[in-house]
Amino acid sequence: MKITDATVFIGGPDKNYVTLKIMTDEGIYGVGDATLNNRETLPAAYLKEYLIPCLIGKDPRNSEDLWQYFYRGAYFRRGPISMAAFAAIDMALWDIKGKVAGLPLYQLFGGKSREGALVYAHATGSDLEDLVDSVARYKEQGYKAIRVQCGIPGMPTSSYGVAETKGDNKNYITDFTGATPKEEVWDSDIYMRYMPDALAKLRDTFGFDLKLLHDVHHRLLPREAAEFAKEIEQYRLFWLEDPTPADDQDALKLLRHHSTIPIAIGEVFNSIWDCNKLIENELIDFIRVAVTYAGGITHVKRIVDLAGLHNVRTGFHGAPSHSPVSMAAQAHLNAWAPNFGIQEYLVLGTEECDALFPSQHKMTDGMFYVSDEPGLGVDFDETEAQRYSYEQGFHPVVRLQDGTLWNY
Ligand code: KDG
Ligand code: MG
């Protein structure tokens, strides 16, 4: 079996999904995702200019060797652009492998450890009252776990995950309106004084059975994060996400000394070398890597196995920027992983998205049910794809009140 061709497509409904399709001489093809949110053209260029020419003529079944070929073969390793490009190839090769075997991927990993995988939704409010309404709507839809973010009185601008207007349940991740990024202003002190009362209000309203999650988006310093975690521990979050800057694997030590709150981190990690100390020192409870940003199924499976040795569970990233292809890859890992925790889920289910990426994967009552189709169980409709093209978008850039640049 040989790879004969591979093509890259960028676009989607209000998104710049980067989709790779690898063709073989036996007519079987595989699909993969390289959507590096708001930098989509870069992994696409890496694929087109360097990686695809090396794939032609290779046996697609040797996915491990091909992964090593690209990773070790690049003298300058790791980083989000490379790892997203490798991820797309890796997903497509696993898709081909599953189709050759006639089996869904979870069977190739070791079969199912569960029928449905718990997912969480994003509730957001321009203010607390608006957030309460948003949580109530998700609860009615059957979600058992909900992430909560809300506008903070006195915060100079809107911030990460916060709806700009009342009732707007959109998740703000890409701004398509300008030629350069918008700027937001952040104040950790204002946030730390307000958020504990907001969580108290949510527990008063919804009780303690609903699983609540909260994302700090890397904004606090290690000491601040420790103080904050200690204070909100009583509200029993399912997890506190990214309390500290992710570049520093020691940043969570202080928090761990002061609080038993469950910690989740990892959506910006690209390799096992970004999180091995966090896992081995048991500084986290959930690892948030994404199959797309962290080198594909081959590499993420290694991270999941290392995490399992240290009682760290999975909580893969699943922001709206992830295409149904990467969500399918994660669904198969979620069905298999003995140390599965939860899956962030916001992608499938819009008509346009389902038409572009047809699949039998199902989400119902806050649980995700993986498809039994061979391979990834998701297709890519190239005719449908002609409706879309690339549009440049940005994450905001964040500054403190005095102008100091801060973490988005
Ligand atoms: O592209 C950036 C987003 O994926 C990220 O900001 C979303 O923090 C995020 C989350 O938890 O989904
Ligand atoms: Mg996050």
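The numbering of the sequence shown is the numbering used here, which starts it at 33 and goes up by one.
We treat Cβ as the ideally placed atom computed from N, Cα and C, and that holds for glycine.
| Asked | Found |
| --- | --- |
| Which first and last residues belong to the beta strand (DSSP E) in which ALA211 is found? | No beta strand (DSSP E) holds ALA211; DSSP gives it neither H nor E. |
| ALA117 by DSSP, collapsed to three states: which one? | helix |
| With three or more C-beta pairs closer than 8 Å as the rule, is the stretch 286 to 298 touching the stretch 249 to 262? | yes |
| Between the stretch 335 to 348 and the stretch 309 to 327, do three or more beta carbon pairs fall short of 8 Å? | yes |
| Per DSSP, which one or two residues make a beta bridge with TYR401? | GLY148, LYS394 |
| Check whether the stretch 59 to 72 and the stretch 351 to 358 touch, using three or more Cβ-Cβ pairs below 8 Å as the test. | yes |
| Which stretch, first to last residue, makes up the beta strand (DSSP E) that contains PHE43? | Just to set this straight, residue 43 is Gly in the shown sequence, not Phe. From DSSP, the beta strand (DSSP E) with GLY43 extends over 35 to 44. |
| By the DSSP assignment, the beta strand (DSSP E) with ILE295 in it spans what residues? | 295 to 297 |
| Any heavy atom of the ligand MG inside 6 Å of the beta-carbon of GLU216? | no |
| Looking at the secondary structure, which residues open and close the alpha helix (DSSP H) in which TRP368 lies? | 356 to 368 |
| Tell me which residue opens and which closes the beta strand (DSSP E) that ASN48 is part of. | 47 to 56 |
| Could you tell me the distance, in whole angstroms, from the CA atom of GLY43 to the CA atom of GLN392? | 22 Å |
| Shorter than 6 Å, the distance from the beta carbon of GLU256 to the closest heavy atom of the ligand MG, or not? | no |
| In chain order, what residues of the same chain lie with their CB nearer than 6 Å to the CB of SER190, ignoring the 5 residues before and after it? | GLU196 |
| Give the single residue among VAL167, GLN173, HIS250, ILE222 whose Cα lies nearest to the Cα of GLN433. | ILE222 |
| For ALA77, is the classification buried or exposed, using 16 other Cβ atoms within 10 angstroms of its Cβ as the cut-off for buried? | exposed |
| Whole angstroms are fine: how far does the CA of GLY157 sit from the CA of ASP306? | 32 Å |
| According to DSSP, is GLU423 helix, strand or coil? | coil |
| At a threshold of 6 Å, does ARG353 count as lining the ligand KDG (C-beta to nearest heavy atom)? | Residue 353 is actually Ser in this sequence, not Arg. For the ligand KDG, at least one heavy atom lies less than 6 Å from the Cβ of SER353. |
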